[in-house]
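Mind the numbering: the sequence shown is residues 1 to 145 in UniProt numbering, read in order.
Ideal Cβ placement from N, Cα and C applies to all residues, glycine included.
Nothing here was measured: the structure is a model prediction, and the numbers come from that model.
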Amino acid sequence: MVKTTTKSKNGGSSESIKKATEKARVLQQKSSPKTKRTTKPKAKPKKKARKEDANKPKKPPTAFFYFLEDFRKEFQEQNPGVKSMRDIGKACGEKWKTMTYEEKVQYYDTATEKRAEFEEAMQGYLKRKESGEDQGSETDEDSDY
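In structure tokens:
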């Protein structure tokens, strides 16, 4: 192998420039995310699922969901061939966006009422939980003793 060196404009030889560019390319390949991993990524530890309290009140739906309930009935009457929830949801979302505030008020009122009921139920639940009444209520109701 014959080495030929030529001087470049900035004073370095073409051979040294080639080596430098090759080193840069190798370093770039090592740091790029496209390189193959030799080991599998470590799995994240699973979080323990919390036990849901069956007596805890559930949050009420938002105004949009009350609208969705009404809209779904109308939409299915007008379009009996459409069975996809995706299509119904898209149509509902577009309709909701175009509605004025006055049209949405009835749904907001319903949602506000349900939210107030939920808040009251939640306060009662928390009081029962703090006093310890709620602890064994599930098994006490079912037992015959």
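By the DSSP assignment, the alpha helix (DSSP H) with residue i in it spans what residues?
i           : result
residue 70  : 63–78
residue 120 : 101–131
residue 86  : 85–98
I need the straight-line Cα distance from residue i to residue j, nearest angstrom please.
i           : j           : result
residue 107 : residue 131 : 36 Å
residue 115 : residue 109 : 10 Å
residue 76  : residue 83  : 8 Å
residue 105 : residue 91  : 20 Å
residue 51  : residue 22  : 58 Å
residue 57  : residue 74  : 30 Å
residue 101 : residue 88  : 22 Å
residue 55  : residue 125 : 8 Å
residue 78  : residue 111 : 26 Å
residue 17  : residue 42  : 40 Å
residue 53  : residue 24  : 59 Å
residue 85  : residue 70  : 14 Å
residue 48  : residue 128 : 26 Å
residue 20  : residue 44  : 40 Å
residue 46  : residue 14  : 55 Å
Return the Cβ separation of residue i and residue j in integer angstroms, given the expectation that the two are a contact with Cβ distance under 8 Å.
i           : j          : result
residue 118 : residue 60 : 5 Å
Quick test of the definition: if touching needs 3 or more C-beta pairs under 8 Å, does the region 59–74 touch the region 86–98? Because the criterion of three Cβ pairs below 8 Å is met, the region 59–74 and the region 86–98 touch.
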